[in-house]
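First comes the structure, then the notes that go with it.
Chains as they are written, first to last, in this note's numbering: chain A, 110 to 218; chain B, 96 to 207.
Given below as structure tokens:
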């Protein structure tokens, strides 16, 4: 089955700086890569996604890049704000969804 | 229909007891997934259905776990003879095939 690895496990940035979270996957059949944000005690919420026929996608301060050849994809958050503090999960979908182990992001005011 | 719902939201049980959780997906979604999440970890796949057919079950899933989706709508997840290691958040999610996965609020299970 698919194996998704995510780094770093924790990340602290100053407010206004950028944050980058990276994931790798193993199954070349995976074709869809969503990112979820999970606040403490809440359900994971989809924040952005990318399909395998696209290299980059941007939505305001959030962007995702995909390198199919290297089997890795990344989440970029620019101009970070304290409300961006949460745990972020990447996922890869082949037959079903496999998740990374999460990155706990702290934005320091 | 405002999203995926799960019941109960919290369950405390004694070791050895059976528990059953319910998930109601978004009505037009034909795929339904069950995940387990422990503190500091990502959601761990348990099983998924397309309509009423259970298409895949994790090899890590003990025989004490069983799931059903009898009419292709709601689903139940049963854990028999619970163990302390079963304590976790059980998340249900639904999607259309090849579409976005949306999560329910989860059922937090505590096994004493």
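From the three backbone atoms N, C-alpha and C, an ideal C-beta is built for every residue, glycine too.
Report the neighbours of residue i on chain A: residues whose CB is nearer than 8 Å to its CB, in chain order.
i: residue 201 of chain B; result: 152
i: residue 136 of chain B; result: 210 and 211
Would you mind telling me which residues of chain B sit closer than 8 Å to residue i, beta carbon to beta carbon, in chain order?
i: residue 168 of chain A; result: Per Cβ cutoff of 8 Å: no residues; residue 168 of chain A is ~14 Å from chain B at best.
i: residue 214 of chain A; result: Correct list: empty, because the minimum Cβ distance to chain B is about 14 Å.
i: residue 158 of chain A; result: 195
Among the options, which one has its Cα closest to the Cα of residue i?
i: residue 202 of chain A; options: A:136, A:130, A:118 and A:162; result: A:136
i: residue 148 of chain B; options: B:156, B:166 and B:198; result: B:166
i: residue 102 of chain B; options: B:184, B:160 and B:135; result: B:184
i: residue 115 of chain A; options: A:194, A:218 and A:209; result: A:209
i: residue 214 of chain A; options: A:206, A:192 and A:205; result: A:192
i: residue 146 of chain A; options: A:158, A:204, A:140 and A:139; result: A:158
i: residue 160 of chain B; options: B:186, B:177, B:139 and B:146; result: B:177
i: residue 136 of chain B; options: A:189, A:119, A:216 and A:110; result: A:119
Could you give the distance in angstroms between the alpha-carbon of residue i and the alpha-carbon of residue j?
i: residue 161 of chain A; j: residue 212 of chain A; result: 23 Å
i: residue 206 of chain B; j: residue 169 of chain A; result: 43 Å
i: residue 196 of chain A; j: residue 124 of chain B; result: 26 Å
i: residue 155 of chain A; j: residue 193 of chain B; result: 15 Å
i: residue 128 of chain A; j: residue 194 of chain A; result: 11 Å
i: residue 140 of chain B; j: residue 127 of chain B; result: 12 Å
i: residue 138 of chain A; j: residue 113 of chain A; result: 13 Å
Who pairs with residue i in a beta bridge, going by DSSP?
i: residue 147 of chain A; result: A:196
i: residue 119 of chain B; result: B:100
i: residue 174 of chain A; result: A:165 and A:183
Do we get a CB-CB distance below 8 Å when we pair residue i with the residues of chain C?
i: residue 205 of chain A; result: The question asks about chain C, but that chain is absent: this structure's protein chains are A and B.
Quick one: which chain A residues come within Cβ less than 7 Å of residue i?
i: residue 116 of chain B; result: Residues of chain A passing the Cβ test: none, with the nearest at roughly 15 Å.
i: residue 185 of chain B; result: Near residue 185 of chain B there are no residues of chain A at all, since even the closest Cβ is about 12 Å away, more than 7 Å.
i: residue 123 of chain B; result: Chain A residues near residue 123 of chain B: none, gap ~17 Å exceeds 7 Å.
Under 9 Å Cβ-Cβ, which residues of chain B neighbour residue i?
i: residue 143 of chain A; result: 195 and 196
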